[in-house]
Amino acid sequence: MFEIRDLKVSFGGIQALKGISLEVREGEIVTLIGANGAGKTTTLRTASGLEKPLEGSVFLDGKEITKTSARDRVKAGLIHVPEGRRVFPQLTVMENLDLGAFQRRDRAGIAADLKMVFERFPVLADRKTQLAGTLSGGEQQMLAMGRGLMARPKVLLLDEPSMGLAPLFVQEIFDIIVKIRETGTTILLVEQNANMALRIANRAYVMETGKIVLSGEASELLASEDVKHAYLGG
């Protein structure tokens with residue numbers, strides 16, 4: 012479904028990714044965990060076309076998309092919800108959601124997806140005329156995810172969706188991620204809250220300094236003593 016092969020990325024002579032490979036099968040949640048600076052965000056930014064690799068390949072549905080633009084990757088169904096939410100603060104909730112569907116022309120489908128987003132995030136329906144910048148952090152994260160869903164993703168790249176949120180919102184965001192997967196969307200999740208991420212994921216990869224150092228079933232990594240001590244506070 013979605014695959015990265017031997018991806019290498021450098022910034023100013025510093026190698027951020029040192030030949031990483033990973034795979035996300037259709038209908039899975041796969042999580043990428045690791046310390047700050049391990050290269051997780053760079054992996055997602057390169058996958059979505061925001062950074063250019065020195066070497067390596069990115070595949071979606073068996074088709075190589077390494078040299079396609081970020082816009083064309085969105086059109087193909089690869090949607091990136093970035094770290095820090097990145098909503099448009101001076102636009103309303105509704106205008107932000109409309110921007111998620113800016114490349115679509117299927118009005119009936121857009122209307123159906125908007126209804127689905129409002130059902131999944133009722134707070135957005137209540138605040139659709141409110142400026143996005145006036146929402147709480149948790150509400151902005153819901154808006155960023157809703158905006159991503161308006162693009163009708165095949166694969167959703169989620170970067171640190173729980174960052175900076177109150178515990179109540181964190182649980183709600185993870186519950187929503189599971190529901191998104193249950194409706195058929197494949198998810199690659201980057202998340203500092205490794206414990207929560209491993210609990211909802213099918214499989215996981217562990218990154219250190221630009222390399223994948225461990226991978227396997229999420230339940231196995233959750234039970235691993237090495238992973239507990241390094242990432243789960245065990």
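The sequence shown lines up with residues 12 to 245 when you count with this note's numbering. Yeah, the Cβ is synthetic: ideal placement off N, Cα and C, and Gly gets one too.
Apply the 10 Å Cβ neighbour rule to residue i and answer buried if 16 or more other Cβ atoms are within range, or exposed otherwise.
{"i": "GLY175", "result": "exposed"}
{"i": "GLY24", "result": "exposed"}
{"i": "THR286", "result": "Because residue 286 is not part of the residues shown, which for the chain are 12 to 245, the question remains open."}
{"i": "ASN107", "result": "buried"}
{"i": "PHE113", "result": "exposed"}
{"i": "ARG192", "result": "buried"}
{"i": "VAL224", "result": "exposed"}
{"i": "SER173", "result": "buried"}
{"i": "GLY120", "result": "exposed"}
{"i": "ASP117", "result": "exposed"}
{"i": "THR196", "result": "buried"}
{"i": "GLY227", "result": "exposed"}
{"i": "ALA123", "result": "exposed"}
{"i": "ALA234", "result": "exposed"}
{"i": "GLY221", "result": "buried"}
Run through the DSSP bridge pairs and tell me what residue i is partnered with.
{"i": "TYR216", "result": "LEU43, SER226"}
{"i": "GLN26", "result": "SER21"}
{"i": "THR103", "result": "LEU142"}
{"i": "THR54", "result": "Looking at the DSSP assignment, THR54 forms no beta bridge with any residue, so it has no partner."}
{"i": "LEU179", "result": "According to DSSP, which records beta bridges pairwise, LEU179 is partnered with nothing at all."}
{"i": "THR197", "result": "VAL166"}
{"i": "VAL92", "result": "LEU169"}
{"i": "PHE13", "result": "VAL35, LEU71"}
Might you give, ordered along the chain, the residues of its own chain that have their beta carbon closer than 8 Å to the beta carbon of residue i, omitting 5 neighbours on each side?
{"i": "GLY45", "result": "LYS51, VAL217, MET218, GLU219, TYR242"}
{"i": "THR79", "result": "GLY60, ALA87"}
Using a C-beta cutoff of 8 Å, does residue i count as contacting chain B?
{"i": "LEU102", "result": "Absent from the structure is chain B; it holds one protein chain and no more."}
Mind reading off the beta-carbon distance from residue i to residue j? Whole number of angstroms is fine, and I expect it under 8 Å.
{"i": "ASP170", "j": "VAL201", "result": "5 Å"}
{"i": "LEU43", "j": "THR54", "result": "6 Å"}
Take residue i and list the residues in its own chain whose beta-carbon comes closer than 6 Å to its own, dropping the five residues that flank it on each side.
{"i": "MET156", "result": "VAL92"}
{"i": "PHE185", "result": "MET207, ILE211"}
{"i": "LYS165", "result": "GLY88"}
{"i": "ILE90", "result": "GLY159, ALA162, PRO164, LEU167"}
{"i": "GLY48", "result": "none"}
Between residue i and the rest of its own chain, which residues show a CB-CB distance below 7 Å, the 5 nearest in sequence each way excluded?
{"i": "VAL189", "result": "ILE211"}
{"i": "LEU65", "result": "LYS19, VAL20, SER21"}
Self-check item: Any 3 or more C-beta pairs closer than 8 Å across the region 213-222 and the region 36-52
Solution: yes
Exercise. Tell me, please, whether the region 79-91 touches the region 55-64 by the rule of three or more beta-carbon pairs shorter than 8 Å.
Key: yes
Quiz prompt | the region 173-187 contacting the region 14-22, beta-carbon criterion three pairs below 8 Å | solution = no
Self-check item: Touching by the beta-carbon criterion (3+ pairs, under 8 Å), the region 128-137 and the region 64-76
Solution: no
Exercise. For the region 151-159 and the region 96-115, state whether three or more C-beta atom pairs, one from each stretch, are separated by less than 8 Å.
Key: yes
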